[in-house]
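Participant: Below: one structure in structure tokens.
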Amino acid sequence: MGNALLASPVEYLVREDGQRTGVVLRWEDYQTLRASVPSDPDILVNLSEPELQTLAEGMLSSRYQQRLDELLQRNREDTTDGAAERELDRLLEYVDHMNVLKARANYTLQRLAETKEPYG
Numbered sequence: 001m002g003n004a005l006l007a008s009p010v011e012y013l014v015r016e017d018g019q020r021t022g023v024v025l026r027w028e029d030y031q032t033l034r035a036s037v038p039s040d041p042d043i044l045v046n047l048s049e050p051e052l053q054t055l056a057e058g059m060l061s062s063r064y065q066q067r068l069d070e071l072l073q074r075n076r077e078d079t080t081d082g083a084a085e086r087e088l089d090r091l092l093e094y095v096d097h098m099n100v101l102k103a104r105a106n107y108t109l110q111r112l113a114e115t116k117e118p119y120g
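So this is what it looks like as structure tokens:
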């Protein structure tokens, strides 16, 4: 995207005192710029592609996964107490949040790939 915009001459709107107040873009440059700025609330912004990939492929740490497995087994055996049930609920909520972030990272990567195709 940056190269396409830099190749175009940039025109500024300037006040009488010389202060730049606006920029005039070719329609194609505007469309390119607009495509690079997400308006979709599910897109994760300010993350690099490697960061998004890492997040999309992220896993529960082995410590949390082991504890989750233990609590799920105890729950199946009906041997959990109130504290263990609350801990299980917190871990399951954490997993749900993590899955939402992973889905948003995958979605963001997909959208990035779509915006690169016409211009790449």
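No gaps in the numbering here: position 72 of the sequence shown is 72 in the working numbering, and each next residue is one more. Beta carbons are placed, not taken as given, at the ideal position from N, Cα and C, and that holds for glycine. It should be emphasised that the depicted structure is a prediction, and the values quoted were computed from it without experimental measurement.
(1) Do L13 and V24 have their C-beta atoms closer together than 8 Å?
(2) Could you say which of L112, L71, N106 and Q110 lies nearest to A56 if we only look at CA atoms?
(3) Can you list, in chain order, the residues of its chain with a C-beta nearer than 6 Å to that of L52? Leave out the 5 residues immediately preceding and following it.
(4) Counting along the chain, where does the beta strand (DSSP E) carrying T21 start and finish?
(5) Look up L55 in the DSSP assignment and say whether it is helix, strand or coil.
(6) Taking only three categories from DSSP, how would you classify V95?
(7) Based on the DSSP output, what are the partners of Y12 in its beta bridges?
(8) Could you compute how far the alpha carbon of A83 sits from the alpha carbon of T54?
(9) Cα separation between Q66 and D81?
Facilitator: Checking against the coordinates, here is how it stands:
(1) Yes; because the gap between Cβ atoms is below 8 Å, this pair is in contact.
(2) A56 has its Cα closest to that of N106, out of L112, L71, N106 and Q110.
(3) Result list for L52: A105, T108 and L109, in chain order.
(4) Going by DSSP, T21 is part of the beta strand (DSSP E) stretching over R20 to V24.
(5) Judged by DSSP in its simplified three-state form, L55 adopts helix.
(6) Three-state result, V95: helix.
(7) Answer is V23.
(8) Cα to Cα, the separation comes out at about 33 Å.
(9) So the two alpha carbons sit approximately 18 Å from each other.
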